[in-house]
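Written out as structure tokens, the structure is:
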């Protein structure tokens, strides 16, 4: 009577399952030898594959990428920040990858198809303004740290916005901005993270997302 459950458990233990989802996440995270040196690419891929093999919860997976510190060859997820050195690219890629939404339009003006304003965009971007990258001794080696200061300026106002996630309270105390963002992102109260991941998995198995397109979770998407 439990043969279906036993079959599913057996499939989930197969190395092909790990290979498949490691490939899916590597594709989503843009892990490629065309974008990263070979040692960096291998380290990032190894992090993703080991996370799948360990059945790491997705909230922990996201936190470990977004709050990473240390050597990029020992902590492969640090290469996420090498792929996205530009702060706008980092902000927009993080929103698409982990929240299933594009906020690119709000970089220059209030979003015409969504509620996000330009001020909100640069408030979120300021959460990533204190990422410090230091070169290492080997090819593809560097370290990621959180700096104690540094802001990105609003292009129109010429001043930094208070660091804040979308639709969330600004960070008032002088603490790690990436930690604050990751805690907000993976909070049970956040409506974006779980919904985006469920939609990706559903679309993978069913051929069509609960929301189409896969990364179009804007309120005006019919």
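Residue numbers (my numbering): 1136 to 1357. Idealized CB from N, CA, C, for every residue including glycine.
Of 1319, 1174, 1140, the smallest CA-CA separation from residue 1271 is found for 1174.
Within the DSSP secondary-structure output, residue 1263 pairs in no beta bridge. Non-local C-beta neighbours of residue 1315 in its own chain, meaning closer than 6 Å and more than five positions away in sequence, comprise 1306, ordered along the chain. In the DSSP annotation of this structure, the continuous segment of the alpha helix (DSSP H) that includes residue 1143 starts and ends at 1138–1147. Note that the C-beta distance between residue 1298 and residue 1258 is below 8 Å.
Sequence-distant partners of residue 1234 (beyond 5 residues in either direction) whose C-beta falls short of 6 Å from its own C-beta, in its chain, are 1327, 1331.
Counting along the chain, residue 1281 sits inside the beta strand (DSSP E) bounded by residues 1277–1281. In this structure the region 1239–1246 does not touch the region 1159–1172; the number of beta carbon pairs closer than 8 Å is below three.
Under the DSSP assignment, residue 1159 falls in the alpha helix (DSSP H) whose first and last residues are 1150–1163. Under DSSP, residue 1293 takes part in no beta bridge, so it has no partner.
The residue from 1216, 1190, 1278 with its alpha-carbon nearest to that of residue 1208 is 1278.
Inter-residue distance for residue 1351 and residue 1215 is about 22 Å (C-alpha atoms, whole angstroms).
Within its own chain, the residues whose Cβ lies closer than 7 Å to the Cβ of residue 1356, once the five positions on either side in sequence are excluded, are 1346, listed in chain order. Excluding sequence positions up to five before and after residue 1210, its CB lies within less than 7 Å of the CB of 1203, all in the same chain and listed in chain order. The three-state secondary structure of residue 1268, taken from DSSP, is strand. Under DSSP, residue 1206 takes part in a beta bridge, and its partners are 1278. The beta carbons of residue 1293 and residue 1265 sit no closer together than 8 Å.
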